[in-house]
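Okay, structure first, notes after.
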Amino acid sequence: MITISHFEGLADPADRRRLHRYISQIHAWVYITKDELNLGKVAHAFYHNNLEIVEAWTEASEIRFYKELDEIPGDNWMVVLIQPFYIMKQLRLVRAKNDRLSSSKKIVL
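Just remember that the working numbering sits 336 ahead of the position in the sequence shown, which is counted from 1.
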């Protein structure tokens, strides 16, 4: 069974230049706008065609669909490809969340 963690593990850093070569293969770019929304969770919903949750995120403006790569905010993202969509989140937000999680797991003796 493919889990949210699997999709988190598939995420790669990418910038506009790197993604530009895939423009012709992508139907839409899915940009996560909500800091608390996990990249793996969104990729998981798209993979399993969970349209109800995708629609709820869209209506709540937690994700946005872009037809053009140049319209997407920022320049560096973590991305997961779920054909024909690239799911993406600002790289700095993903790193900040990972830093918070790793610092909370430190054991103090």
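The beta carbon of each residue, even a glycine, is placed where N, CA and C say it ideally should be.
These numbers were taken from a predicted model, which means no experiment stands behind them.
* Asked: For the beta strand (DSSP E) that Ala364 lies in, which residues bound it at each end?
  -> Counting from one through the sequence shown, the residue named residue 364 turns up at place 28. Element bounds for Ala364: 364–368.
* C-beta atoms of Ile423 and Leu387 nearer than 8 Å -> As a first step, residue 423 must be located in the sequence shown, where it is residue number 87. As a first step, residue 387 must be located in the sequence shown, where it is residue number 51. Cβ atoms of Ile423 and Leu387: not closer than 8 Å.
* **CA-to-CA distance, Gln426 to Leu355, given in whole angstroms** => Taking the sequence shown and counting its residues from 1, the one referred to as residue 355 is at position 19. Taking the sequence shown and counting its residues from 1, the one referred to as residue 426 is at position 90. Whole-angstrom Cα-Cα distance: 14 Å.
* Asked: Helix, strand or coil: how does DSSP classify Tyr358 here?
  -> One-based indexing of the sequence shown puts residue 358 at position 22. It is coil, neither helix nor strand.
* Asked: What's the call for Lys442, buried or exposed, on a 16-neighbour Cβ count within 10 Å?
  -> Here the question's residue 442 lines up with position 106 in the sequence shown. Model confidence at Lys442 stands at a pLDDT of 48, short of 50, so the residue's coordinates are unreliable; what they give is reported in the following sentence. With fewer than 16 other Cβ atoms within 10 Å, it is exposed.
* To do: Between the Cα of Leu346 and those of Asn385, Gln361, Met414, spot the shortest distance and give me the residue it belongs to.
  => As a working mapping, residue 346 is identified with position 10 in the sequence shown. Measuring from the Cα of Leu346, the nearest candidate turns out to be Met414.
* Examine the ligand GDP and report whether any of its heavy atoms sits within less than 7 Å of the Cβ of Val415. => Inclusion of the ligand GDP in the displayed structure is not the case, the ligand content being empty and no account of it being possible.
* To do: Would you kindly check if the distance between the Cβ of Tyr367 and the Cβ of Ile399 is under 8 Å?
  => By 1-based counting over the sequence shown, the position of residue 399 is 63. By 1-based counting over the sequence shown, the position of residue 367 is 31. A contact, by the Cβ cut-off of 8 Å.
* Asked: Can you list the beta strand (DSSP E) stretches of 3 or more residues lying completely in the segment 372–410, in chain order?
  -> 399–402
* Does DSSP put Ile338 in a helix, in a strand, or in coil? -> For this step, residue 338 is matched to residue 2 along the sequence shown. DSSP places Ile338 in coil when its eight states are reduced to three.
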